[in-house]
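Taking the working numbering, the leading residue of the sequence shown gets 27, the next gets one more, and so forth.
Built from N, CA and C at the ideal position, the CB exists for glycine as well.
All values reported here derive from a predicted model rather than from experimental measurement.
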Amino acid sequence: TAVTRLADYRAPDWLISQVALTVTINDGETEIAATLELAQNSADLQPLVLDGEGLETLSVAIDGVILDADAYVVTATTLTVLTPPAGHFTLQTRVRIKPESNTQLEGLYKSGDMYCTQCEAEGFRRITWFLDRPDVLAIWTVRIDAPASMPTLLSNGNRVGDRTTADGRRQVDWSDPHPKPAYLFALVAGDLVLRNDRFTTASGREVDLHVYTRQADADKVDFAIASIKQAMAWDERRFGREYDLDVFQVVAVGDFNMGAMENKGLNIFNTSCVLATPDVATDDAYERVEAIIGHEYFHNWSGNRVTCRDWFQLSLKEGFTVYRDAEFTADLRSRPVKRIQDVDFLRTHQFAEDAGPTSHPVRPAEYEEISNFYTVTIYEKGAEVVRMLETLIGRDQFRAGSDLYFERFDGQAVTCDDFVDCMQQASGRDLTQFRRWYSQNGTPHINVSVAADGDGSRITFRQQLRDGQAPFHMPMPCSLYAADGALLEQGLSWELDQVEQSFRVNQPSDDLLVSVNQGFAAPVRIHYALDASQRDVLARHDLDGFNRWDAGRQIVIEAWAAYVGNADAGLIDPIEHLFDAALAQFEQDPALTAEIIRLPDDSQILDELGADVDPVRVRQAGDAIRAELGRRMGELIQPILLALEPVKPYQPGGDQAAKRSLWCLLAQLLAHAADDSIADALTRRFVGADNLTDRMNCMTVAGVMARHNPSMFQSMLTIFHADWQHEPLLLDQWFQQQARFGDFDAISALLEHADFSLGNPNRARSVLGVFTRANPEAFHAPGGYELLAGCVASLDVSNPQIGARLVIPLTRYKNWSTSQRERAIHVLKGLDKVCQSADCREVIGKALK
Ligand code: HT7
Ligand code: ZN
Numbered sequence: 027t028a029v030t031r032l033a034d035y036r037a038p039d040w041l042i043s044q045v046a047l048t049v050t051i052n053d054g055e056t057e058i059a060a061t062l063e064l065a066q067n068s069a070d071l072q073p074l075v076l077d078g079e080g081l082e083t084l085s086v087a088i089d090g091v092i093l094d095a096d097a098y099v100v101t102a103t104t105l106t107v108l109t110p111p112a113g114h115f116t117l118q119t120r121v122r123i124k125p126e127s128n129t130q131l132e133g134l135y136k137s138g139d140m141y142c143t144q145c146e147a148e149g150f151r152r153i154t155w156f157l158d159r160p161d162v163l164a165i166w167t168v169r170i171d172a173p174a175s176m177p178t179l180l181s182n183g184n185r186v187g188d189r190t191t192a193d194g195r196r197q198v199d200w201s202d203p204h205p206k207p208a209y210l211f212a213l214v215a216g217d218l219v220l221r222n223d224r225f226t227t228a229s230g231r232e233v234d235l236h237v238y239t240r241q242a243d244a245d246k247v248d249f250a251i252a253s254i255k256q257a258m259a260w261d262e263r264r265f266g267r268e269y270d271l272d273v274f275q276v277v278a279v280g281d282f283n284m285g286a287m288e289n290k291g292l293n294i295f296n297t298s299c300v301l302a303t304p305d306v307a308t309d310d311a312y313e314r315v316e317a318i319i320g321h322e323y324f325h326n327w328s329g330n331r332v333t334c335r336d337w338f339q340l341s342l343k344e345g346f347t348v349y350r351d352a353e354f355t356a357d358l359r360s361r362p363v364k365r366i367q368d369v370d371f372l373r374t375h376q377f378a379e380d381a382g383p384t385s386h387p388v389r390p391a392e393y394e395e396i397s398n399f400y401t402v403t404i405y406e407k408g409a410e411v412v413r414m415l416e417t418l419i420g421r422d423q424f425r426a427g428s429d430l431y432f433e434r435f436d437g438q439a440v441t442c443d444d445f446v447d448c449m450q451q452a453s454g455r456d457l458t459q460f461r462r463w464y465s466q467n468g469t470p471h472i473n474v475s476v477a478a479d480g481d482g483s484r485i486t487f488r489q490q491l492r493d494g495q496a497p498f499h500m501p502m503p504c505s506l507y508a509a510d511g512a513l514l515e516q517g518l519s520w521e522l523d524q525v526e527q528s529f530r531v532n533q534p535s536d537d538l539l540v541s542v543n544q545g546f547a548a549p550v551r552i553h554y555a556l557d558a559s560q561r562d563v564l565a566r567h568d569l570d571g572f573n574r575w576d577a578g579r580q581i582v583i584e585a586w587a588a589y590v591g592n593a594d595a596g597l598i599d600p601i602e603h604l605f606d607a608a609l610a611q612f613e614q615d616p617a618l619t620a621e622i623i624r625l626p627d628d629s630q631i632l633d634e635l636g637a638d639v640d641p642v643r644v645r646q647a648g649d650a651i652r653a654e655l656g657r658r659m660g661e662l663i664q665p666i667l668l669a670l671e672p673v674k675p676y677q678p679g680g681d682q683a684a685k686r687s688l689w690c691l692l693a694q695l696l697a698h699a700a701d702d703s704i705a706d707a708l709t710r711r712f713v714g715a716d717n718l719t720d721r722m723n724c725m726t727v728a729g730v731m732a733r734h735n736p737s738m739f740q741s742m743l744t745i746f747h748a749d750w751q752h753e754p755l756l757l758d759q760w761f762q763q764q765a766r767f768g769d770f771d772a773i774s775a776l777l778e779h780a781d782f783s784l785g786n787p788n789r790a791r792s793v794l795g796v797f798t799r800a801n802p803e804a805f806h807a808p809g810g811y812e813l814l815a816g817c818v819a820s821l822d823v824s825n826p827q828i829g830a831r832l833v834i835p836l837t838r839y840k841n842w843s844t845s846q847r848e849r850a851i852h853v854l855k856g857l858d859k860v861c862q863s864a865d866c867r868e869v870i871g872k873a874l875k
């Protein structure tokens, strides 16, 4: 497969200043007439090579003259005009495409009755011939011409024309005044319901807010609209960024490869990331809707007004925008809880990615298929890198750097280095070494040791680096505590920039506990050997909220990892101790309490244990620990569960959501302990629930109980299906619960269910994503890998982007037990023989290297 390399980047030979598209939609075929104003951008005149894929070319003209067939060459992926005029000229093309048979969901495709687009990263070339690269920015006008059955015709920018033609067709014209690359183009056509609202910007401009859904979802967008207003106001307040068009449009689409897309002025959302009512969205889903609405909206500046020069710079927009949406959530909700959840997510998913075969730097040096690089490294680690910049230079200088960035590069396509340059200029700090975070992959491991040094101590940090890597520059804020938890020194703004460096403090080493990397300032793994009682001191006394939580986290991870090798109930004592202390104060901060008693994902234990571990044993050890905790703490938990009875009416978020989450975690401990005393309360809560969160929580607890008593889980599934099968998002939830708790046979049966379809990414993820990531007993059972592989082989043809994502759990076999590794390699080799797409071939190829 062809590899694209950053080192080979060259500015385009041609630029496009203006684009005029006419998109004529008819059932079965769509015609696109494109007029491109081209300008020579190279010193020597070069052929014009346009990108395209799956296009039927009808005509090509230059300056109004149709070209002879020998004046241009069309291949499967290019159209080359061999001798274009020097300087400036107009190119007109007409092509035909078939959105109805587009199953890849890239380019123009159909979701139900609605036509919609997804052009990032390289989908626009599936619509018409173009210079489909992010450093070609043009001013666009679009005419959509469609049958009267599709009255809603949307594109980017402002609506400038709207008519019904003599033959009854609809024609709508759009004009976008801001230059943009092709990946930000969008078009939607259908019969949609509009919900509208307004926002007045800080400078007094009125903006229409338009949210479009299919008829059945029209009542599910209030929360999204409120979130748009919050996001607009927040970006003005926090980053000085105003919205810049007359209308901001959002469309909800049921078939979508990812969460949402920030097309200029026309954001397209997966229904799962925009629709929210108490009956269709859990508390977590509400928070996700708010965050993703924010994320896509914030892209209007960090991504759209200032975009990426090439796809290697993807984190320039994604890392920065994730950082921005995390701050948005932190400001709207609980900052400490948001930080804990984000770090937990990073450790679970990004650390695992960085330890696996698809590990790559925040700015990759090469790729085979760019769609494979929309990863937790680009997004979440990229956001951590931006956060480190803020920590290193301070909040005010970071804001000055971001102002400079938006001002200097407005309307341009730039690089990660350009971003750091702005931070460097605004702060006056030398960030040369810091840039290694963009080019060096892997999670840095930092060994911390404390040794006596005269009457004080020396705290030494050692960076363990991969072969050939140079040390990172990172913030390492620390505080010092005495062995009894008394604060000795706070706010030590240490920074690391060498392989080894040490700091002297006056406290004797036998009475010193260091609270290291406070707030998880640097995205690293810290190795600081403390015993459980020392960690317990920090878990009680650390004034840094994140590190207080993290001390407890380390207690759990170490105990669980030890328990995998030796099921000694005594190992559970420190966890019980931690949970006891947390529950004693649950009323003060139920959200934080929930974070303390939420056990980490299995992958963090696998990471702790290193090589040759059976993931099923890790899961079983975790379940045994939960069961033991449930037995030991039952008497403490019972009254708390009563105190956490549901409050009506349902409100998403806040204290209510925290209490629901805590209830679910505690009830699961009892369920693991096979404590049937909660059965009646569980049934009552499920039947009486006025919201999805409680229904799902009850099903989760019943799913755990199903081990020894399957009937309650089964009857909840039946009731839920009968009540909610008309809602696709709830059918997804119904599939997810079964994929999580079912055995291998049950999961095989799900794939045969009439409502299962690999063609809908949400449904495919609901079964395959959950089964492979959250149900190790079924996944590692005989036939589990093959079950996934069969689906991946089929997706390789119909939707390779999704296939390449779903196969990833099978590629993480490096540290599994020998027989599991051998089976995984065997199945991957089989897949390697049949898969044809660049997407799947890249992921599988790397896993087999
Ligand atoms: N920037 C968007 C990325 C995206 C995407 C990428 C590849 C294929 C399909 C896609 N849909 C959306 C989403 C975002 O980060 O905001
Ligand atoms: Zn994004």
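beta-carbon residue i near the ligand HT7 non-hydrogen atom, thresh 7 Å
{"i": "A286", "result": "yes"}
{"i": "H375", "result": "no"}
{"i": "Y135", "result": "no"}
{"i": "Y323", "result": "no"}
{"i": "E344", "result": "yes"}
{"i": "Q275", "result": "no"}
{"i": "N283", "result": "yes"}
{"i": "Y400", "result": "yes"}
{"i": "A800", "result": "no"}
{"i": "Q144", "result": "yes"}
{"i": "S397", "result": "yes"}
{"i": "Q827", "result": "yes"}
{"i": "A147", "result": "yes"}
Three-way DSSP call (helix, strand, coil) for residue i in this model
{"i": "L108", "result": "coil"}
{"i": "R624", "result": "coil"}
{"i": "L457", "result": "coil"}
{"i": "E79", "result": "coil"}
{"i": "P802", "result": "helix"}
{"i": "M731", "result": "helix"}
{"i": "P501", "result": "strand"}
{"i": "C334", "result": "strand"}
{"i": "G517", "result": "strand"}
{"i": "V233", "result": "strand"}
{"i": "I472", "result": "strand"}
{"i": "Y35", "result": "coil"}
{"i": "N67", "result": "coil"}
{"i": "R159", "result": "coil"}
{"i": "D444", "result": "helix"}
{"i": "Q489", "result": "strand"}
{"i": "V247", "result": "coil"}
{"i": "H386", "result": "coil"}
{"i": "H114", "result": "strand"}
Any non-hydrogen atom of the ligand ZN closer than 7 Å to residue i Cβ
{"i": "T837", "result": "no"}
{"i": "E316", "result": "no"}
{"i": "T347", "result": "yes"}
Would you call the region 662-681 and the region 636-649 in contact, with 3 or more CB pairs under 8 Å? With a cut-off of 8 Å, the region 636-649 and the region 662-681 do not count as touching, because too few Cβ pairs lie within range.
Within 8 Å, do at least three Cβ pairs link the region 490-498 to the region 466-475? At 8 Å Cβ cutoff, the stretches touch.
Answer yes if the region 505-512 comes into contact with the region 451-471, meaning at least three C-beta pairs across the two stretches below 8 Å, and no otherwise. At 8 Å Cβ cutoff, the stretches do not touch.
Residue ranges of each alpha helix (DSSP H) within the region 525-594, 4 or longer: Within the region 525-594, the complete alpha helix (DSSP H) runs of at least 4 residues are 558-567 and 571-591.
Extract the residue ranges of the beta strand (DSSP E) inside the region 168-218, only unbroken runs of 3 or more that lie entirely within it. Taking 3 residues as the minimum length, the beta strand (DSSP E) runs contained wholly in the region 168-218 are 178-181, 184-190, 196-206 and 213-216, in order along the chain.
Is the region 136-152 close to the region 198-213, with three or more CB pairs under 8 Å? The region 136-152 is in contact with the region 198-213.
Per the contact definition of three or more C-beta pairs closer than 8 Å, is the region 334-341 in contact with the region 391-409? A contact exists between the region 391-409 and the region 334-341.
With contact counted as at least three CB pairs below 8 Å, one residue from each stretch, are the region 690-702 and the region 724-731 in contact? Between the region 690-702 and the region 724-731, the count of C-beta pairs closer than 8 Å reaches three or more; the two stretches touch.
For the pair the region 217-234 and the region 284-298, tell me if three or more CB-CB distances fall below 8 Å. No, they do not touch.
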